[in-house]
Amino acid sequence: MRPEELPEIRHLHLFRDMSQANFETLMASSYAQNFPQGLEMVRQGDPADFLHIVLEGAVELFAQWSGRECTMAVVRPVSTFILAACIRDAPYLMSARTLERTRIILVPASDLRAMFRRDSEFAVSVINELASCYRSVVRNAKTLKLRNSRERVASYLLRQSLLVGGAQSYILPVEKRLLASYLGMTPENMSRTLRTLEADGVKMDGARVIITDREKLTALALPDRLIDGPDDIASTNGSGLPVAE
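Per the numbering used here, numbering of the sequence shown is gapless, rising by one per residue and ending at 242.
Quick look at the structure:
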């Protein structure tokens, strides 16, 4: 592991409040690994041997069942996945593959569990992180169950705009096919929906989102704090798609 990477890891909500000595102990048993694009790093159902910290690149978390597949999250630096399985010593519920060349810090799950029992501040951080993940999952479930496809897309596009300071134009942070899967849609349905949204104040130019009428888009999306958040630390736990850059 590079010495300059340690401050980035230490700054994460999960690690920032634990004692320095315990942090150094945990990092001493961890190691870095570089993965090429398109590699499946984790397979659902396998034992959770490591907590993964993404330092460079991007990782898609996805699930499969009966020949079907869906995107659960896209994780970008600097953030972690999959904490719950490591703490519970349970199988991974999701698989993970790299979307580009990616650098990962691997923290042994057994050491993570031992530190959870040893360092009370770290234990509180773990609980807060897991609570944030749970709340993000509930928010996403509410979006999928309570909003139709047009409302889901409109809500996502509006929220991304707000996350970059209310920008009228920005680049989607993920491929459309991944966004479609995350929002419970097929790529074809996503394309049709994006075309219909031109009448509601937003149009696409490739991967660029252009908001032409914020009032119309807001009227369709109907932002709701109990669905759309924000939760302060949700962006560091790999529980949702990344914010726009």
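For each residue, glycine too, the CB sits at the ideal point set by N, CA and C.
Worksheet item: Would residue 83 pass as a contact of residue 60 if the rule is Cβ separation under 7 angstroms?
Response: no
Worksheet item: Are the beta-carbon atoms of residue 190 and residue 147 separated by less than 7 angstroms?
Response: yes
Item to complete: Express the C-alpha separation of residue 211 and residue 131 in angstroms, rounding to a whole number.
Response: 30 angstroms
Worksheet item: How do the segment 63 to 76 and the segment 23 to 31 stand: do at least 3 beta-carbon pairs fall below 8 angstroms, yes or no?
Response: no
Item to complete: Using the Cα positions of residue 86 and residue 115, report the straight-line distance between them to the nearest angstrom.
Response: 17 angstroms
Fill in: Beta-bridge partners of residue 61, as assigned by DSSP
66
Discussion item. Which same chain residues end up closer than 6 angstroms to residue 119 when comparing Cβ atoms and leaving out the 5 residues on each side of it in sequence?
Written reply: 15 and 112
Item to complete: Under the assumption that residue 94 contacts residue 57 (Cβ atoms under 8 angstroms), give the Cβ distance between them as a whole number of angstroms.
Response: 6 angstroms
Worksheet item: Bridge partners of residue 37, per DSSP?
Response: 94
Worksheet entry | Stretch-stretch touch, CB-based, cutoff 8 angstroms, three pairs: the segment 88 to 102 with the segment 39 to 46 | yes
Discussion item. According to DSSP, simplified to helix, strand and coil, what is residue 201?
Written reply: strand
Fill in: C-alpha gap between residue 5 and residue 80, whole angstroms
18 angstroms
Item to complete: State the Cα-Cα distance for the pair residue 218 and residue 158, rounded to the nearest angstrom.
Response: 13 angstroms
Discussion item. By alpha-carbon positions, which one of 227, 166 and 10 ends up nearest to residue 127?
Written reply: 10
Worksheet item: In its own chain, which residues sit with a C-beta less than 7 angstroms from the C-beta of residue 13, not counting the 5 before and 5 after it?
Response: 7
Fill in: residue 181 and residue 141 closer than 7 angstroms at C-beta
yes
Practice prompt. Whole angstroms is fine: what's the gap from residue 200's alpha carbon to residue 186's?
Written response: 16 angstroms
Practice prompt. Mind reading off the beta-carbon distance from residue 51 to residue 101? Whole number of angstroms is fine, and I expect it under 8 angstroms.
Written response: 6 angstroms
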